[in-house]
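Working notes, structure below.
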Amino acid sequence: MAHHPHHKHLHQRKSTEPSFNVDTDDPVIRACEHQWDAHKSDCSGFVRAVATELGISLSGNANQLVALMNSSSQWRDLGTDASQAMSYANNGYLVVAGLATSGHGHVAVVVRANSSVPIAYWGKLHSVGRKHASIHYSWNAHDLKHVSYFARTV
1 MAHHPHHKHL
11 HQRKSTEPSF
21 NVDTDDPVIR
31 ACEHQWDAHK
41 SDCSGFVRAV
51 ATELGISLSG
61 NANQLVALMN
71 SSSQWRDLGT
81 DASQAMSYAN
91 NGYLVVAGLA
101 TSGHGHVAVV
111 VRANSSVPIA
121 YWGKLHSVGR
131 KHASIHYSWN
141 AHDLKHVSYF
151 ARTV
């Protein structure tokens with residue numbers, strides 16, 4: 001069989017990278033990847049663990065996290081503006097999406113991505129969350145428009 005130099009590297013490299021394009025040089029994405037397995041079933045635990053890895057102290061459940069970020073001068077309230085959340089995430093901020101509800105609210109980490117919709121990681125109460133997925137999977141369409149975004153420098 002003839003050797004074709006332009007095919008030289010085609011099958012030699014075994015990839016250990018995820019099937020999606022994840023920028024593991026980004027500190028927020030790296031923290032999300034590090035904390036995923038231990039916290040994929042707990043949205044607030046996941047956000048707290050990612051924040052801790054980035055040197056930011058957070059405590060409480062999802063509703064308490066939303067209230068804390070909403071009232072803290074250390075967090076920038078981006079309102080419900082998803083495009084602004086993506087911009088902050090793309091500029092290296094820790095961006096948390098959150099919606100407080102009666103019972104259990106929900107929180108997620110929005111990450112740097114070349115996407116027209118926010119890409120996020122989240123844990124989920126009583127099931128498993130998702131990593132590096134469209135935020136549209138994290139809330140239903142009705143709730144998504146009420147989700148608030150908060151940003152903090154890392």
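Here the sequence shown is numbered in UniProt numbering, starting from 1 and rising by one per residue.
Ideal Cβ placement from N, Cα and C applies to all residues, glycine included.
Quantities reported herein were computed from a predicted structural model and do not represent experimental measurements.
Are the stretch 93-105 and the stretch 50-64 touching by the rule of at least three beta carbon pairs closer than 8 Å?
Contact between the stretch 93-105 and the stretch 50-64 is present, because at least three Cβ pairs lie under 8 Å.
Look up Y137 in the DSSP assignment and say whether it is helix, strand or coil.
Looking up residue 137 in the sequence shown gives position 137. In the structure shown, Y137 sits in a helix (DSSP, three-state: H, G or I).
Below 8 Å CB to CB, which residues in the same chain sit around N70 once its five sequence neighbours on both sides are set aside?
By 1-based counting over the sequence shown, the position of residue 70 is 70. Same-chain partners within the cutoff: D77, S148 and F150.
Leaving out five residues before and five after G154 in sequence, what residues of the same chain have Cβ atoms less than 8 Å from its Cβ?
The residue given as residue 154 occupies position 154 in the sequence shown. Correcting the residue identity first, residue 154 is Val in this sequence and not Gly. Excluding sequence neighbours, V154 sits near P27, V28, L54, G55, I56, G92, Y93 and L94.
Tell me which residues share the same chain as W122 and place their Cβ nearer than 6 Å to its Cβ, disregarding the 5 neighbours each side in the sequence.
Reading the sequence shown from its first residue, position 122 is the one you call residue 122. Counting only residues of its own chain and dropping the five nearest sequence neighbours on each side, W122 has a CB closer than 6 Å to the CB of C43, A108, G129 and S138.
D25 versus H142 - alpha carbon distance:
One-based indexing of the sequence shown puts residue 25 at position 25. One-based indexing of the sequence shown puts residue 142 at position 142. Straight-line Cα distance between these residues: approximately 34 Å.
Mapping DSSP to helix, strand and coil, what is G98?
As a first step, residue 98 must be located in the sequence shown, where it is residue number 98. Here DSSP, grouped into helix, strand and coil, assigns G98 to strand.
C-alpha distance - T101 paired with N61, whole-angstrom precision
Translated into positions along the sequence shown, residue 101 becomes position 101. Translated into positions along the sequence shown, residue 61 becomes position 61. Approximately 11 Å between the Cα atoms of the pair.
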